[in-house]
Each structure stands twice: as structure tokens, then as C-alpha cells.
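The structure under discussion appears below in the form of C-alpha cells.
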Amino acid sequence: MNLELYKTQTLQKQKEHKKFLDGLKKKPPKNLDYIVQETHEEVFEKVDCLQCANCCKTTGPLYTEKDIERISKHLRMKQADFESKFLRVDEDNDKVLQNLPCYFLNEDNTCSIYDVRPKACREYPHTDRKKIYQINNLMIKNTVICPAAYEFVESMMKNLNK
0 MNLELYKTQT LQKQKEHKKF LDGLKKKPPK NLDYIVQETH EEVFEKVDCL
50 QCANCCKTTG PLYTEKDIER ISKHLRMKQA DFESKFLRVD EDNDKVLQNL
100 PCYFLNEDNT CSIYDVRPKA CREYPHTDRK KIYQINNLMI KNTVICPAAY
150 EFVESMMKNL NK
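According to numbering that gives the first Met the number 0, numbering within the sequence shown proceeds without interruption in unit steps and concludes at 161.
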């Protein structure tokens with residue numbers, strides 16, 4: 000997967016994507032949640048995250064208290080030790096990774112804590128959400144990082160302009 004080529008393509012289409020997503024917000028179709036779910040499934044039949052893992056390499060998830068509790072227990076660490084070893088508090092006062100790429104990303108792009116990974120990782124890239132238009136700005140950001148998010152918006156445009 001050529002991420003540079005993909006990123007260039009994404010940046011060229013950002014205005015078009017934003018206009019489309021803004022249109023969904025102004026006038027969402029009655030069956031939007033169904034179309035979103037169907038499109039999400041279509042996209043993930045084609046896109047293999049293990050070929051990319053760009054999100055894990057370039058973007059740190061937000062860690063909730065529940066995430067910290069679950070992951071530190073899994074790693075048999077005290078929560079405070081887990082936090083001091085892996086996390087920092089960012090400018091928004093959120094707990095995020097100290098460094099990227101993610102410490103838990105293996106060389107083969109798998110996740111060493113996949114079964115207990117943070118909620119933010121489980122939900123990323125948010126392409127199967129109800130009322131998708133509520134996260135337009137996030138979706139635009141995600142299209143630059145994630146080929147699946149880009150493909151999702153492109154497919155949604157095709158599916159809704161039939």
C-alpha cells in the first residue's frame with residue numbers, strides 16, 4: 000500500500016469530501032445508518048488494516064480510565080506504573096501515548112494487546128457509527144490517516160449519488 004500516493008489523493012479530494020459530509024448533516028437520508036453499516040462492511044472486505052497500521056504508527060489513541068485499568072491488569076502492572084511507562088497528559092488534559100509508533104504495535108502490524116486495546120482503537124476509524132454526520136470533522140481527519148476511512152467516504156458518495 001503506497002501511503003504517500005494515497006495521502007496526496009486524499010488531500011486533493013478533501014473539499015469534495017467535506018462538501019459531501021456537510022450535505023449529509025443538512026439533509027440525512029432516512030436510511031443513512033443502514034447505508035453507513037453496509038458501506039463499512041463493503042470497505043472492510045477490501046481493506047486489510049494489517050497491510051497498513053498507519054493509525055498505530057502516526058496517531059495515538061486517548062486512554063480512558065477503564066482502558067488503563069483493563070490494559071494494566073492484562074500486563075500485570077500497577078496502573079500508576081503503566082501510566083508512567085507509556086502515557087502522558089496532552090494539551091487537552093487527555094491521557095495519550097508518550098511516543099509513536101504505538102509501543103504495542105508488533106513488526107507484522109498486529110497489536111500485542113489487541114483483545115484489551117483502548118476503546119478509541121476498537122472504534123477507529125468510526126465508519127460504522129450511527130448518525131455519522133455528527134463526526135464530520137473527525138472523518139475528514141481520518142481520511143488522511145486511514146485508507147479505509149477514505150474508501151468509506153468515496154463509497155458513501157457513490158452509494159448515495161446513485
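For each residue, glycine too, the CB sits at the ideal point set by N, CA and C.
Is the beta carbon of Y62 sitting closer than 8 angstroms to the one on P28?
no
Along the chain, which unbroken stretches of the alpha helix (DSSP H) at least 4 residues long are found entirely within the segment 61-128?
64-73, 78-85, 118-122
Check whether the Cβ atoms of Y167 and L20 lie closer than 8 angstroms to each other.
Nothing in the structure corresponds to residue 167, since the chain is present only between 0 and 161.
Nearest-angstrom Cα distance between C55 and E153?
23 angstroms
Smallest Cα separation from A147: which of V115, E44, R121?
E44
Mind checking whether I67 and E90 have CB atoms under 8 angstroms apart?
no
Backbone CA spacing between V46 and N92 [nearest angstrom]
Each residue's CA atom was taken as its position, placing V46 and N92 some 33 angstroms apart.
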